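Worksheet for the structure shown next.
Residue numbers (the working numbering): 67 to 404.
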């Protein structure tokens, strides 16, 4: 696989050339970007998947929702609906996509919308009677047609963008120079004990004069379903089936796995077929089934016994208050200017 990626290097040059021309046209105003009279925060990455966008969006919701009317807008990856869709009581993962549906279930008091055309999505949200005061754009760093007021770039600690190559040789969606559009950079999925010296080395290699923060994935001490919860420490040695359909499941498995556990791995955003469900039931037998929160929203109505999910959240190693203030200052200044 690695050899094949290097053989495809000429295509990486071509892809990088195309994306660079596109960005140049937007930077020069030849291709039009649309701005809106509302604070818009775009969260995204340069690489393909696995940087922790959903936990970061949820962090922002928790930070802002007590003082502002919040809406999230994403394309709704792999959903079976089309056009603009606003989440309601009839929504499910097939209509919204797994991540927007997860957010809708966790934060029922905010607007959760999907639309591949982000400009149209924002326009539709602003037509609502109870329209949002802040819009969070999920996975929109490359969506240049809408100009956000604040761009947050995520880069995973184990796959830092400045060490990577453009697709298909590497995992970058565009050149590393795209990071210059970021107003804030967060290095995600760090070890909790990442030293100050290691942080400073990464900051130096990034080489941009923007605030740079370091976060880690904080796993819950309990697993849940709609009816009950169980402490992780009480089930860690219990026979169980661990199931994940996410981009980089290794930390999830490492947190829960014991010697006799069975693992099942599926592609990111996997739609579980009847055959998949039967295979899961056969392998689970009478075991507990523990999955990720994103997978749970697609599996919870599949009649799987003893199905639980493990919640996660994004936490900062240090300077979390500085990050919060950066966001609050931007939103507060923008709303006052309106």
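Just so it is clear, CB atoms sit at the ideal spot from N, CA and C, and this is done for glycine as well. Because the structure is a prediction, the values reported are computed rather than measured.
Other residues of its chain near residue i: CB distance less than 8 Å, five sequence neighbours each side excluded
i: residue 388; result: 277 and 279
i: residue 185; result: 100, 211 and 212
i: residue 275; result: none
i: residue 334; result: 115, 116, 311, 312 and 313
i: residue 242; result: 112, 227, 228 and 230
Which residues DSSP lists as bridging residue i, in chain order
i: residue 110; result: 219
i: residue 288; result: 297
i: residue 312; result: In DSSP, residue 312 forms no bridge with anything.
i: residue 177; result: 137
i: residue 379; result: 284
i: residue 231; result: Paired residues: none, contrary to the question.
i: residue 251; result: 219 and 278
i: residue 238; result: 113 and 232
i: residue 307; result: 328 and 355
i: residue 492; result: This structure cannot speak to residue 492, because the chain is shown only from 67 to 404.
Closer than 7 Å: residue i CB and nearest the ligand SAM heavy atom
i: residue 387; result: Absence of the ligand SAM from the depicted structure is noted, as is the absence of any ligand whatsoever, leaving it without description.
Where the beta strand (DSSP E) containing residue i begins and where it ends
i: residue 263; result: Here residue 263 belongs to no beta strand (DSSP E); instead the alpha helix (DSSP H) covers 262 to 272.
i: residue 353; result: Note, residue 353: premise wrong, no beta strand (DSSP E); not H, not E.
i: residue 226; result: Premise fails: residue 226 is in no beta strand (DSSP E) and is neither H nor E.
i: residue 202; result: 200 to 204
Whole-angstrom C-beta distance between residue j and residue i, which should lie under 8 Å
i: residue 105; j: residue 215; result: 6 Å
i: residue 207; j: residue 112; result: 7 Å
i: residue 317; j: residue 331; result: About 13 Å; that fails the 8 Å criterion.
i: residue 286; j: residue 377; result: 4 Å
i: residue 328; j: residue 307; result: 5 Å
i: residue 219; j: residue 264; result: Residue 219 to residue 264, Cβ: 19 Å. No contact.
i: residue 281; j: residue 382; result: 5 Å
i: residue 374; j: residue 304; result: About 11 Å separates the two Cβ atoms, so there is no contact after all.
i: residue 181; j: residue 123; result: Their Cβ separation, rounded to whole angstroms, is 16 Å, which puts residue 181 and residue 123 out of contact at 8 Å.
i: residue 202; j: residue 126; result: 6 Å
Start and end residues, alpha helix (DSSP H) containing residue i
i: residue 78; result: 75 to 93
i: residue 167; result: 164 to 172
i: residue 125; result: 119 to 130
i: residue 186; result: 184 to 192
Other residues of its chain near residue i: CB distance less than 6 Å, five sequence neighbours each side excluded
i: residue 343; result: 368
i: residue 321; result: 285
i: residue 283; result: 255 and 378
i: residue 350; result: 307
Residues near residue i in its chain [Cβ-Cβ closer than 7 Å; skip 5 each side]
i: residue 392; result: 250 and 277
i: residue 77; result: 234
Chain B within 8 Å of residue i, Cβ atoms only
i: residue 257; result: Among the chains of the structure shown, chain B does not appear; only one protein chain is present.
> Would the region 183 to 194 and the region 353 to 368 be scored as touching if the rule is three or more Cβ pairs under 8 Å?
Replying inline: no
>> Does the structure place the region 123 to 142 close enough to the region 176 to 183 that three or more beta carbon pairs sit under 8 Å?
In response: Three or more Cβ pairs closer than 8 Å define a contact, and the region 176 to 183 meets that threshold against the region 123 to 142.
>> With three or more beta-carbon pairs closer than 8 Å as the criterion, would you say the region 220 to 228 touches the region 245 to 262?
In response: Segments in contact, yes.
>> With a threshold of 8 Å, are at least 3 pairs of Cβ atoms found where one atom belongs to the region 91 to 108 and the other to the region 160 to 167?
In response: no
>> Taking contact to mean 3 or more Cβ pairs, one atom from each stretch, closer than 8 Å, check whether the region 114 to 129 and the region 253 to 272 are in contact.
In response: With a cut-off of 8 Å, the region 253 to 272 and the region 114 to 129 count as touching, because enough Cβ pairs lie within range.
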